[in-house]
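Working notes for the structure below.
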Amino acid sequence: MIALRCRRDPCGFICLILTYFSVFYADYVVIQYVLIPAYSGSAWCSLHGAVFNVLLVLLLACHSKAVFSDPGMVPLPDTAIDFSDLRSQSSRKNERGCEGWTVCSRCETYRPPRAHHCRVCQRCIRRMDHHCPWINNCVGELNQKYFIQFLFYTGLASLYSIALVVSAWVWRIRSERDGDPNEAPSKHLIVAHYIILLVESVLFGVFVVVIFYDQLVSIITDETPIEQMKNRLMKDRASSSQHTHTTVTHTHTRKPKLALLREVFGRGSVLCWLFPLHSSPPSAGGISYSALPDYDV
Ligand SMILES: [Zn+2]
Ligand SMILES: [Zn+2]
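Just so we're aligned, residue 16 is where the sequence shown starts under my numbering, counting upward by one.
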């Protein structure tokens with residue numbers, strides 16, 4: 016499945032390579048040019064090295080889970096479904112009369128409420144948030160947790176590497192001022208690595224903080240970016256049509272914020288939210304997901 020997605024989306028494949036390269040480059044610079052020169056012979060060298068590498072392992076574990084997990088693809092029917100009854104009736108009536116289930120003309124299947132079609136994956140994804148090239152996968156109901164954990168650990172690792180590089184750079188300037196001859200060779204190379212890692216960490220750090228914030232907002236407001244856009248469009252249409260009073264209908268009811276977070280991160284301890292552990296998918300009102308909805312059409 017991942018091989019197919021990689022072939023379909025070269026941008027996603029490039030982003031995956033860039034992610035792995037950035038992680039290994041950061042680890043190389045931190046160990047080779049930050050920890051070993053600045054903290055050699057000290058317990059801080061091992062401690063910082065261990066903590067930074069644990070963060071990177073968690074980052075890669077969450078990233079792998081986000082990449083390889085099923086985001087919540089709506090299964091395709093084994094046999095072609097006859098939509099003739101549906102087409103003969105009003106499609107609007109069908110959408111409303113069947114608890115929010117809709118028909119995807121591209122997948123030619125029924126899809127549950129809040130599922131949307133992804134043009135890159137060419138499948139309908141349950142509670143689709145967006146298609147992310149950085150994981151070369153959709154962010155949906157079943158892998159959003161791993162995606163957010165990946166953002167969290169990327170943010171932490173970026174912050175940590177910025178702190179380590181800045182402290183090592185300060186140490187280097189001080190030792191140069193004191194006339195330590197050991198630091199003279201390859202000075203420009205070391206500074207170049209420091210600058211590259213700082214730029215990388217700031218760019219990725221800011222990027223993930225923004226997306227992390229958006230993800231949390233979309234969870235606690237119980238509205239994916241696609242739904243936000245649709246609702247905004249409906250509001251615009253409603254405000255532009257002065258003659259008719261069109262009300263924007265929400266497809267789902269408001270739930271407590273903690274319950275919404277638990278739907279994404281699992282129902283276990285909050286501590287488990289930090290780890291890419293499998294949690295049972297939300298039962299969303301007892302809806303069983305299959306190619307055919309549980310009603311007559
Ligand atoms: Zn579809
Ligand atoms: Zn997708």
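Heads up, the beta-carbon is just placed ideally off N, CA and C, and yes, glycines get one too.
In the DSSP assignment, Arg126 is bridged to Thr117. A direct Cα-Cα distance of roughly 47 Å separates Phe280 from Ser201.
As the crow flies, the alpha-carbon of Ala76 is around 7 Å from that of Pro291.
Judged by beta-carbon spacing, Gln159 lies beyond the 9 Å limit of Arg134, meaning their Cβ atoms are not closer than that value. The beta-carbon separation of Val232 and Thr169, rounded to 18 Å, does not stay under the 8 Å limit for a contact. Assignment of Asn68 by DSSP, reduced to helix, strand and coil, places it in the helix class. Counting along the chain, Ile96 sits inside no alpha helix (DSSP H), nor does DSSP assign it H or E at all. Boundaries for Arg138: no alpha helix (DSSP H) harbours it, while the beta strand (DSSP E) harbouring it runs Arg138 to Ile140, taken from the DSSP string. Taking non-hydrogen atoms of ligand 2 into account, the C-beta of Asn68 is found less than 8 Å away from none of them.
In the DSSP assignment, His203 forms no beta bridge with any residue. The Cβ neighbour count for Leu157, taken over all protein chains shown within 10 Å, is at least 16; the residue is labelled buried.
Around Pro240, the same chain offers Asp144, His145, Asp229 and Ser233 as residues with beta carbons nearer than 8 Å, after the five sequence neighbours per side are excluded.
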